[in-house]
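The block underneath contains the structure these notes are about, expressed in structure tokens.
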Amino acid sequence: MGPIYRIIELSPLSKRLRLIVFFIVILSLHGCATTKSLHEESQPVPKAPQPIAIHLEENIERNVFSVAKGDDVIGRLAFISLEKGDTLPDIARHFSLGINGVSAANPGVDIWAPQAGERVMLPLSFILPDAPRKGIVINLAAMRLFQFRGDSESLEVLTYPVGVGTDERPSPTGQMNVWRKVTRPTWHVPASIAEDHRKKGDPLPAKVLPGPQNPLGEYALYLSEPSYLIHGTNKPASIGLRATNGCIRLYPEDVKKLYENTPAKTPVYIVDQPYLIGQRNGVVYLEVHAPLEDQDVVEFDKMYAKLKNIEKESGRALDWNNVKKVLAEARGITVPIFEIVQGSGKGFAVPIELRHPGELYGRPEIPELKPDAWSVLAADVSDEIDAVRLAAIINHQGPQIPARVLSKNNGYCVVAGPFNEIRQADDAIKRLKIDLEIDGTLIERAAAISPDIEAVKERPNVAEIAQTVAPGNLMGYALQIGAFAEEENALSLIEKLKQKGYEASIRKEGKRPLHLVLIGRFDTSKEASEGSRLLLQKDGIKSVVYRY
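Heads up, the sequence shown is in my numbering, so the first residue is 68 and it goes up one at a time.
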């Protein structure tokens, strides 16, 4: 199951360990020099008042903030206690955060199977990037978009989490503008992406029309930088990840608002600033995001220069040990590091405690399994948490593959479905293999919710069935009434059909094999579909079209 968890490697230590160690060494040297030059002891970091967890707030602002003149910090931190069935991606989306932001702020919390009652921080306080406060500003390091409206006297900012480019195909930086806007865009597949999918056995068409399979979603803002867009997505769980081919990706609900509020020719500034310093109400805050492994130290030098300037202007030394701690943790949260007016303590934004909303916006719905629908066995595991985690990962694929955990005598299994048509189940098996490297196994419709899960393991993979069909078989169509691992069950169904006046036959497919119960022979799929309709209308027998 190792490959499955590659999608949750959000900020691996190997990507930043060397850089952090290097930074801490530099800070240690500079910290000593700073203390000597000021001839006084470092000032302790101001402690923000701790929230009293008695009154629970019902809501908190997530997207729209007013910016006071001279301030660089918006929003406030919050805490929430998780309930059974919550995942961090669901919490992130409900509160308009990216998954990486929530995960980094809560190290040690299981992303896909956190414990009920666990208290997690919502990093809903943000330091504005060092960039012009007009148009759209995107900070790749924070994976956050800021849209400014108004002027310095009455400035409003709208902010949304984003998904950005991978290390191999990074998002561009620099100044550009919104070139044009398109609703329900068609995705013209770039040659490089088409080649990647071809190598994975997942060939793409030259273009993908609007719909659930279109990765651009419902709205797209084309940038003046060729081939780059700000757009929606059919993979909401990817927001807050480095998972795109360079474009900027938003939640469907966020890109709609951005689209409506953004005219053509709006300036767009894309920066990559992992170290952010800002002040609000006389308090200086530091926000640090994990830098990329190959990122240079330019941004770090800028941060250090700003901190030195704060010391110089105030005549007091910073607590460099605390600065090093914030750098090492890189949790992406705003941390107070200095009080400009010493001892005032008035400027702290106290974190609040939120009541759990009950229903989380965008949480994947999992329909009940049905005996007359197809299902797919995704995994058979002994540990319940592993099963819950895997089911959550599958549920958050885009488009969604519904999955749930079923218990059995000696363990647990993860079952995907239901699928009304076998081709849908086949497509799910293909996606599980390509996206998660999971070998799914088709479950016959009659056994989809059977308690005899042990038998499921012996049913063959659809891909194996396809590979074992003899190439010399005559082409044609039939109506498939059932599919069974045991021939005895297939013979029993044939006897029941015979009593209704239908002659049926068994076709064995697969290595183990699967026993298909078939009726009739048709030259075209249209004739077979009509036969299926009449069979249901006359005797209430459901069937699917089978191609020889």
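The C-beta atom is built at its ideal place from N, Cα and C for all residues, glycine as well. It should be emphasised that the depicted structure is a prediction, and the values quoted were computed from it without experimental measurement.
Item checked: F215, DSSP secondary structure in three states -> Along the sequence shown, one-based indexing puts residue 215 at 148. F215 falls in the strand class under three-state DSSP.
Next item on the list: Mark I400 as exposed unless 16 or more other C-beta atoms lie within 10 angstroms of its C-beta, in which case mark it buried.
Entry: Along the sequence shown, read from residue 1 onward, the residue named residue 400 stands at position 333. Flag for I400 reads buried.
Check: Are G284 and H264 touching if we call contact CB-CB under 7 Å?
Finding: Locating residue 284 in the sequence shown gives position 217, counting from the first residue. Locating residue 264 in the sequence shown gives position 197, counting from the first residue. Contact flag unset, no.
Next item on the list: With distances taken Cα to Cα, identify the nearest neighbour of V131 among G217, P174 and G152.
Entry: As a working note, residue 131 is residue 64 in the sequence shown. Nearest to V131 by alpha-carbon distance, out of G217, P174 and G152, is G217.
Checklist line | S259: first and last residue of the uninterrupted alpha helix (DSSP H) it sits in | finding: In the sequence shown, the residue the question calls residue 259 occupies position 192. Per DSSP, the unbroken alpha helix (DSSP H) holding S259 starts and ends at A258 to K266.
Margin query: Taking the beta carbon of P11 as the centre, do at least 16 other beta carbons fall within 10 Å, making it buried, or is it exposed?
Written below: Residue coverage of the chain in this structure runs from 68 to 615, which leaves residue 11 outside it and unanswerable.
Next item on the list: Taking L123 and L421 to be in contact with their CB atoms under 8 Å, please state how far apart those CB atoms are, rounded to whole angstroms.
Entry: In the sequence shown, the residue the question calls residue 123 occupies position 56. In the sequence shown, the residue the question calls residue 421 occupies position 354. 6 Å between Cβ atoms; contact.
Notebook entry, point to check: Since G484 is in the beta strand (DSSP E), which residue starts that stretch and which ends it?
Noted result: Numbered from 1 along the sequence shown, position 417 holds the residue referred to as residue 484. That run of the beta strand (DSSP E) goes G478 to F486.
Checklist line | Distance between V169 and P156 (C-alpha atoms, nearest Å) | finding: For the purposes of this step, residue 156 is identified with residue 89 of the sequence shown, where counting begins at 1. For the purposes of this step, residue 169 is identified with residue 102 of the sequence shown, where counting begins at 1. Cα to Cα, P156 sits roughly 8 Å from V169.
Notebook entry, point to check: To the nearest whole angstrom, what separates the beta carbons of D321 and S192, a pair I think is in contact under 8 Å?
Noted result: On the sequence shown, position 254 is the one that residue 321 refers to. On the sequence shown, position 125 is the one that residue 192 refers to. For a cut-off of 8 Å, the C-beta gap from D321 to S192 is around 18 Å, too long to register as a contact.
Next item on the list: With distances taken Cα to Cα, identify the nearest neighbour of S294 among Q280, E327, P277 and S259.
Entry: Counted from its first residue, the sequence shown places residue 294 at position 227. Taking only the C-alpha atoms, the option nearest S294 is S259.
Check: Relative to the C-alpha of R430, which residue among P303, P237 and T253 is closest?
Finding: The residue you call residue 430 lines up with position 363 of the sequence shown. Of the residues P303, P237 and T253, the one whose Cα lies closest to the Cα of R430 is P303.
Check: Is N462 helix, strand or coil when you go by DSSP?
Finding: If you number the sequence shown from 1, residue 462 lands on position 395. DSSP places N462 in the helix class (H, G or I) of the three-state scheme.
Check: Exposed or buried, which one is D439 when buried takes at least 16 other CB atoms within 10 Å?
Finding: Taking the sequence shown and counting its residues from 1, the one referred to as residue 439 is at position 372. Exposed, by the Cβ-count rule.
Checklist line | Test item: CB-CB of N167 and L308 under 7 Å | finding: Numbered from its first residue, the sequence shown carries residue 167 at position 100. Numbered from its first residue, the sequence shown carries residue 308 at position 241. Yes.
Notebook entry, point to check: Should K267 and I501 be called a contact, given that it needs their Cβ atoms to be closer than 7 Å?
Noted result: In the sequence shown, counting from the first residue as 1, residue 267 sits at position 200. In the sequence shown, counting from the first residue as 1, residue 501 sits at position 434. Yes, the Cβ-Cβ distance between K267 and I501 is below 7 Å.
Check: Roughly how far, in whole angstroms, is the beta-carbon of Q346 from the beta-carbon of N206, given that I think they are within contact range, below 8 Å?
Finding: Locating residue 346 in the sequence shown gives position 279, counting from the first residue. Locating residue 206 in the sequence shown gives position 139, counting from the first residue. At roughly 18 Å, the Cβ-Cβ gap does not stay under 8 Å, so Q346 and N206 are not in contact.
Note to self: For K323, which residues in the same chain have their Cβ closer than 8 Å to its Cβ, ignoring the five residues on either side in sequence?
What the structure shows: By 1-based counting over the sequence shown, the position of residue 323 is 256. The answer, listed in chain order, is E285, Y286 and G299.
Next item on the list: Return the chain-ordered list of same chain residues with a C-beta closer than 7 Å to the C-beta of P279, the five sequence neighbours on each side being excluded.
Entry: Stepping through the sequence shown from its first residue, residue 279 is reached at position 212. The answer, listed in chain order, is N301 and P466.
Checklist line | Close beta carbons around F551, own chain, < 7 Å, minus the five adjacent residues each side | finding: Taking the first residue of the sequence shown as 1, we reach residue 551 at position 484. Within the same chain, Cβ atoms closer than 7 Å to the Cβ of F551 are found at E511, A557 and H582, the five residues on either side in sequence being excluded.
Margin query: Less than 7 Å between the beta carbons of V350 and E396, yes or no?
Written below: Counted from its first residue, the sequence shown places residue 350 at position 283. Counted from its first residue, the sequence shown places residue 396 at position 329. No, the pair does not count as a contact, with Cβ atoms beyond the cut-off.
Note to self: Helix, strand or coil, according to DSSP, for Q604 in the structure here?
What the structure shows: Within the sequence shown, numbered from 1, the residue matching residue 604 stands at position 537. The three-state secondary structure of Q604, taken from DSSP, is helix.
Check: Can A261 and L189 be called in contact, C-beta distance under 7 Å?
Finding: Translated into positions along the sequence shown, residue 261 becomes position 194. Translated into positions along the sequence shown, residue 189 becomes position 122. Not in contact: A261 and L189 (Cβ atoms no closer than 7 Å).
Margin query: Between F213, L359, Q491 and A183, which has its C-alpha nearest D197's C-alpha?
Written below: Counted from its first residue, the sequence shown places residue 197 at position 130. From the listed residues F213, L359, Q491 and A183, the smallest Cα separation to D197 is found for F213.
Check: For the stretch 172 to 191 against the stretch 371 to 389, are there 3 or more C-beta pairs whose distance is under 8 Å?
Finding: Segments in contact, no.
Next item on the list: Look up I147 in the DSSP assignment and give the residues it is bridged to.
Entry: For the purposes of this step, residue 147 is taken as residue 80 along the sequence shown, with counting starting at 1. In the DSSP output, where bridge partners are listed per residue, I147 has V187 and L421.
Next item on the list: Could you tell me the distance, in whole angstroms, from the CA atom of G230 to the CA atom of S238?
Entry: The count along the sequence shown starts at 1 and reaches residue 230 at position 163. The count along the sequence shown starts at 1 and reaches residue 238 at position 171. Rounded to the nearest angstrom, the two C-alpha atoms are 10 Å apart.
Notebook entry, point to check: For M243 versus L195, is the C-beta spacing smaller than 7 Å?
Noted result: Your numbering for residue 243 matches position 176 in the sequence shown. Your numbering for residue 195 matches position 128 in the sequence shown. No, the Cβ-Cβ distance between M243 and L195 is not below 7 Å.
Next item on the list: Would you give the residue range spanned by the alpha helix (DSSP H) that H356 belongs to?
Entry: Residue numbering aside, residue 356 sits at position 289 when the sequence shown is read from its first letter. That residue, H356, is in no alpha helix (DSSP H); it is neither H nor E in DSSP.
Next item on the list: Helix, strand or coil for Q566, going by three-state DSSP, please let me know.
Entry: The sequence position of residue 566 within the sequence shown is 499, counting from 1. Of the three classes helix, strand and coil, the one that applies to Q566 here is helix, per DSSP.
Checklist line | Nearest candidate by alpha-carbon position, reference G313, set M370, N328, K593 and I337 | finding: By 1-based counting over the sequence shown, the position of residue 313 is 246. Nearest neighbour of G313 by Cα position, chosen from M370, N328, K593 and I337, turns out to be I337.
Check: What distance in whole Å lies between the Cβ atoms of A459 and T154, which are believed to be in contact at a cut-off of 8 Å?
Finding: The residue given as residue 154 occupies position 87 in the sequence shown. The residue given as residue 459 occupies position 392 in the sequence shown. Contact holds; Cβ gap of about 5 Å.
Item checked: Separation of G568 from I561, as counted between CA atoms -> As a working mapping, residue 561 is identified with position 494 in the sequence shown. As a working mapping, residue 568 is identified with position 501 in the sequence shown. It is roughly 10 Å from the alpha-carbon of I561 to the alpha-carbon of G568.
Note to self: So, under 8 Å CB-CB, H255 and Y428 are touching, yes? Tell me the CB distance rounded to an integer number of Å.
What the structure shows: Counting from 1 along the sequence shown, the entry for residue 255 is found at position 188. Counting from 1 along the sequence shown, the entry for residue 428 is found at position 361. Incorrect: roughly 31 Å between the Cβ atoms, too far for contact.
Check: For P403 versus Y342, is the C-beta distance shorter than 7 Å?
Finding: Walking along the sequence shown from the start, residue 403 turns up at place 336. Walking along the sequence shown from the start, residue 342 turns up at place 275. Going by C-beta atoms, P403 is not nearer than 7 Å to Y342.
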